[in-house]
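Notes for the one structure printed next.
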Amino acid sequence: MDKILVTGGLGFIGSHTVVELHNKGYEVLIIDDLSNSEIETIARIQSITGKQPLFEQIDLKVESEVKRVFEKHNDIKGVIHFAASKAVGESMDKPLEYYENNINALVYVLKAVRRLSFKNFIFSSSCTVYGEADAMPITEDAPVKPAESPYGNTKQMGEEIIRDLCRAERDFSAYSLRYFNPIGAHESGKLGELPIGIPANLIPFITQTAAGIREELSVFGDDYNTPDGTCIRDYIHVVDLAKAHIIALERLIDETKTEKNYDVFNLGTGRGNSVLEVIKAFESVTNQKLNYKITKRRSGDIVQAYADTTKANAVLGWKAEMSLETALLHSWQWQQHLKVIKN
Ligand code: WQD
161 MDKILVTGGL GFIGSHTVVE LHNKGYEVLI IDDLSNSEIE TIARIQSITG KQPLFEQIDL
221 KVESEVKRVF EKHNDIKGVI HFAASKAVGE SMDKPLEYYE NNINALVYVL KAVRRLSFKN
281 FIFSSSCTVY GEADAMPITE DAPVKPAESP YGNTKQMGEE IIRDLCRAER DFSAYSLRYF
341 NPIGAHESGK LGELPIGIPA NLIPFITQTA AGIREELSVF GDDYNTPDGT CIRDYIHVVD
401 LAKAHIIALE RLIDETKTEK NYDVFNLGTG RGNSVLEVIK AFESVTNQKL NYKITKRRSG
461 DIVQAYADTT KANAVLGWKA EMSLETALLH SWQWQQHLKV IKN
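Numbering-wise, our numbering puts 195 at position 35 of the sequence shown, and it's gapless, one number per residue.
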């Protein structure tokens, strides 16, 4: 049974990836510092898959800790690196913390992977690297625009660091996966996103409003140059996203398939939906009436971003399968489950 290391494996995308790895028969080692996750997520994963992941609670910013854990588990076949800080706004106030968390930790992990026999690495990147792209849908060839936040910059720099390493060391293989907007939850309703405090992202704000935790959803601007005036995004179900990681990692592990030892892929559905379309879809699939009002634009929002997924379809043979409606229904089921466990 091959062992895969998932850093940030108790986070939103990480935990769903651990479930899919278990489903495919892998042994999983999770590293997480619990800075933005809960230890109970291990039990949630176990209740879905019937398997217990290995777990090490360490701080990846401490190189000696990274070394120690990698030496203990030197049979790791591949590493999926999710662990990072991800709040755009917070990164504006705490740039050094973001660089330390997202860059120092990445370098330490890469140095440790280099000492393994199998040097296969998947990096969590983001569509944020494209900024306000000139053409839709966005292909991987679209230019990387100057980052608008330290967070975005750490994703761009992270990609460059990995690309440079792969150029220098041919036995190192890595993919950067550029996620569009991950949403949804596990279909069991037992695993999902755990936003701390007031959610910054649209879907958790919607589900919390429907659940009565927030009074009202603000739609940030309806005067954009889009058909209904609200911003357009590519919302992808987190389980579709999780599956893509495993397909990508298996391709890296299978050396006969890796003619390039570094590449980047967009992970999205290829569909763009406006904020108002998301609200309507949520209302119709859950039979909930959502209390919302149009407010002014949120600074820093781009008008539209949706993926051209041709490359991931052709090279990885992966395609997002679940609809926006299914993703919203799963988010809602998770919200209801959370209400039960939190009360
Ligand atoms: C979606 C749309 C808002 C909240 C985030 C990350 C980014 C990237 C992708 C990570 C926008 C609108 C939102 C609300 C609203 N991934 N909205 N009311 O901004 O696309 O980006 O995911 O690497 O870094 O920040 O996602 O969910 O915040 O917003 O009207 O209360 O919903 O204006 O149009 P975003 P989001």
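We treat Cβ as the ideally placed atom computed from N, Cα and C, and that holds for glycine.
Looking at the unbroken alpha helix (DSSP H) that takes in residue i, where does it start and where does it end?
{"i": "residue 312", "result": "310-328"}
{"i": "residue 521", "result": "Lying before the first or after the last residue shown, residue 521 is absent from the chain, which here runs from 161 to 503."}
{"i": "residue 406", "result": "398-413"}
{"i": "residue 444", "result": "435-446"}
{"i": "residue 181", "result": "172-183"}
{"i": "residue 303", "result": "From DSSP, residue 303 is part of no alpha helix (DSSP H); its letter is neither H nor E."}
{"i": "residue 255", "result": "255-259"}
Return the CA-CA distance between residue i and residue j, expressed in angstroms with no decimal places.
{"i": "residue 448", "j": "residue 495", "result": "13 Å"}
{"i": "residue 262", "j": "residue 336", "result": "14 Å"}
{"i": "residue 361", "j": "residue 436", "result": "15 Å"}
{"i": "residue 328", "j": "residue 408", "result": "21 Å"}
{"i": "residue 400", "j": "residue 343", "result": "10 Å"}
{"i": "residue 352", "j": "residue 345", "result": "4 Å"}
{"i": "residue 222", "j": "residue 384", "result": "44 Å"}
{"i": "residue 176", "j": "residue 170", "result": "9 Å"}
{"i": "residue 491", "j": "residue 320", "result": "34 Å"}
{"i": "residue 183", "j": "residue 209", "result": "7 Å"}
{"i": "residue 462", "j": "residue 270", "result": "32 Å"}
{"i": "residue 236", "j": "residue 204", "result": "24 Å"}
{"i": "residue 484", "j": "residue 467", "result": "15 Å"}
{"i": "residue 393", "j": "residue 453", "result": "19 Å"}
{"i": "residue 486", "j": "residue 479", "result": "16 Å"}
{"i": "residue 315", "j": "residue 285", "result": "6 Å"}
{"i": "residue 276", "j": "residue 267", "result": "15 Å"}
{"i": "residue 398", "j": "residue 430", "result": "15 Å"}
{"i": "residue 312", "j": "residue 264", "result": "15 Å"}
{"i": "residue 413", "j": "residue 168", "result": "21 Å"}
{"i": "residue 233", "j": "residue 406", "result": "20 Å"}
{"i": "residue 363", "j": "residue 438", "result": "9 Å"}
{"i": "residue 470", "j": "residue 428", "result": "10 Å"}
{"i": "residue 356", "j": "residue 287", "result": "23 Å"}
{"i": "residue 388", "j": "residue 382", "result": "7 Å"}
{"i": "residue 318", "j": "residue 251", "result": "15 Å"}
{"i": "residue 212", "j": "residue 178", "result": "10 Å"}
{"i": "residue 349", "j": "residue 199", "result": "18 Å"}
{"i": "residue 240", "j": "residue 281", "result": "6 Å"}
{"i": "residue 220", "j": "residue 193", "result": "8 Å"}
Helix, strand or coil for residue i, going by three-state DSSP, please let me know.
{"i": "residue 164", "result": "strand"}
{"i": "residue 264", "result": "helix"}
{"i": "residue 365", "result": "helix"}
{"i": "residue 249", "result": "helix"}
{"i": "residue 393", "result": "strand"}
{"i": "residue 202", "result": "helix"}
{"i": "residue 216", "result": "strand"}
{"i": "residue 207", "result": "helix"}
{"i": "residue 385", "result": "coil"}
{"i": "residue 333", "result": "strand"}
{"i": "residue 351", "result": "coil"}
{"i": "residue 459", "result": "coil"}
{"i": "residue 418", "result": "coil"}
{"i": "residue 195", "result": "coil"}
{"i": "residue 479", "result": "coil"}
{"i": "residue 274", "result": "helix"}
{"i": "residue 487", "result": "helix"}
{"i": "residue 243", "result": "coil"}
{"i": "residue 472", "result": "helix"}
{"i": "residue 370", "result": "helix"}
{"i": "residue 499", "result": "helix"}
With DSSP as the reference, identify every bridge partner of residue i, one or two as the case may be.
{"i": "residue 338", "result": "285, 426"}
{"i": "residue 467", "result": "298"}
{"i": "residue 238", "result": "164"}
{"i": "residue 343", "result": "397"}
{"i": "residue 280", "result": "333"}
Name the two residues that bound the continuous beta strand (DSSP E) containing residue i.
{"i": "residue 290", "result": "Counting along the chain, residue 290 falls outside any beta strand (DSSP E), and DSSP gives it neither H nor E."}
{"i": "residue 378", "result": "377-380"}
{"i": "residue 455", "result": "452-455"}
{"i": "residue 189", "result": "187-191"}
I'd like to know if the segment 444-459 and the segment 366-374 are in contact, where contact means that at least 3 CB-CB pairs between them fall below 8 Å.
These segments touch.
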